[in-house]
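Here is the structure:
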């Protein structure tokens, strides 16, 4: 049976030397020798390099060629660190959206896309259409930065106090935030109007309404 680096408990001397790791016997504590640990090691060194160069700059005469070079190097590393953080956030966002996508059966299109980020999940009584005294259905409401997805829970799973669940769902409807015409908040419900239909989200407390309203406003395009 083949084994990857992530599955192996020991690394060859050449691999340890390549990644600048101490020999097994001389390590004061356990080293993360998984593939993921090795790949993240160079990224984790960037903040250390920035601190080292800043400390070196403190002892370098200002206005010299050396200080200018250090300034440029620090700026380049800071820019690279920002790029890495942004890339990591985008990757984390995509992974979170993927987990939700895997929970919802019957989606007409994949939820995962480069610009989409998950905001929060709610359990709400929802009315699609008018008037608001129409039949209400309890749905899981997934708020993203550019759409809202309604789904009906088909397996309970675990549920948090805020309405988040780990259960499987069946897709019901989706609205893109760019299609909204008006948005209004009342004491115990929030209404979103589009050109052809109105969605109303009912909650039991004003606190839930305020929390949902904040998330929906975060989802609105600037």
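In the numbering used here, the protein residues as written are 37 to 258. Note that the Cβ used here is the ideal one computed from N, Cα and C, for glycine as well.
Which listed residue (the options) has its alpha carbon closest to that of residue i
{"i": "residue 213", "options": "157, 100 and 180", "result": "180"}
{"i": "residue 116", "options": "216, 79, 136 and 74", "result": "79"}
{"i": "residue 93", "options": "106, 99, 131 and 100", "result": "106"}
{"i": "residue 191", "options": "141, 132 and 128", "result": "141"}
{"i": "residue 162", "options": "81, 82, 111 and 228", "result": "228"}
{"i": "residue 146", "options": "207, 203 and 81", "result": "207"}
Three-way DSSP call (helix, strand, coil) for residue i in this model
{"i": "residue 45", "result": "Note that residue 45 scores a pLDDT of 40, beneath 50, so its modelled location is shaky; the value from the coordinates is reported in the next line. The answer is coil: DSSP assigns residue 45 none of H, G, I, E or B."}
{"i": "residue 151", "result": "coil"}
{"i": "residue 240", "result": "coil"}
{"i": "residue 64", "result": "With a pLDDT of only 49 at residue 64, under 50, the local geometry of the prediction cannot be trusted, and no value is derived from it."}
{"i": "residue 36", "result": "The first residue shown for the chain is 37 and the last is 258, placing residue 36 beyond what the model contains."}
{"i": "residue 249", "result": "helix"}
{"i": "residue 191", "result": "coil"}
{"i": "residue 116", "result": "helix"}
{"i": "residue 38", "result": "Residue placement at residue 38 is poorly supported in this model, since its pLDDT is 37, which falls under 50; the coordinates still yield a value, given next. The answer is coil: DSSP assigns residue 38 none of H, G, I, E or B."}
{"i": "residue 175", "result": "strand"}
{"i": "residue 88", "result": "helix"}
Short Cβ contact (8 Å threshold) for residue i with residue j
{"i": "residue 182", "j": "residue 151", "result": "yes"}
{"i": "residue 185", "j": "residue 158", "result": "no"}
{"i": "residue 172", "j": "residue 238", "result": "yes"}
{"i": "residue 164", "j": "residue 209", "result": "yes"}
{"i": "residue 113", "j": "residue 85", "result": "yes"}
{"i": "residue 252", "j": "residue 233", "result": "no"}
{"i": "residue 231", "j": "residue 218", "result": "no"}
{"i": "residue 254", "j": "residue 155", "result": "yes"}
Through-space distance from residue j to residue i, alpha-carbon basis
{"i": "residue 87", "j": "residue 205", "result": "48 Å"}
{"i": "residue 235", "j": "residue 256", "result": "15 Å"}
{"i": "residue 63", "j": "residue 73", "result": "The predicted model places residue 63 with a pLDDT of 48, which falls under 50 and marks its position as unreliable; any figure quoted below should be read in that light. Their Cα atoms are separated by approximately 16 Å."}
{"i": "residue 127", "j": "residue 101", "result": "39 Å"}
{"i": "residue 241", "j": "residue 224", "result": "6 Å"}
{"i": "residue 95", "j": "residue 121", "result": "29 Å"}
{"i": "residue 133", "j": "residue 149", "result": "9 Å"}
{"i": "residue 65", "j": "residue 175", "result": "A caution first: residue 65 carries a pLDDT of 49, below 50, which makes its placement in the model unreliable, though a value can still be read off. Each residue's alpha carbon lies about 49 Å from the other."}
{"i": "residue 153", "j": "residue 104", "result": "40 Å"}
{"i": "residue 211", "j": "residue 189", "result": "19 Å"}
{"i": "residue 160", "j": "residue 125", "result": "28 Å"}
{"i": "residue 202", "j": "residue 138", "result": "11 Å"}
{"i": "residue 77", "j": "residue 246", "result": "42 Å"}
{"i": "residue 143", "j": "residue 81", "result": "41 Å"}
{"i": "residue 118", "j": "residue 83", "result": "11 Å"}
{"i": "residue 75", "j": "residue 89", "result": "23 Å"}
{"i": "residue 91", "j": "residue 243", "result": "49 Å"}
{"i": "residue 222", "j": "residue 187", "result": "23 Å"}
Proximity test, residue i beta-carbon vs the ligand GDP heavy atom, cut-off 7 Å
{"i": "residue 74", "result": "You won't find the ligand GDP in this model; it holds no ligand whatsoever."}
Closer than 8 Å to chain B by CB, residue i
{"i": "residue 130", "result": "Absent from the structure: chain B. Only one protein chain is present."}
- Message: Just to confirm the assignment: which complete beta strand (DSSP E) runs, minimum length 3, are found wholly within the segment 206–232?
- Response: With a minimum length of 3 residues, the unbroken runs of beta strand (DSSP E) contained wholly in the segment 206–232 fall at 216–221 and 225–230.
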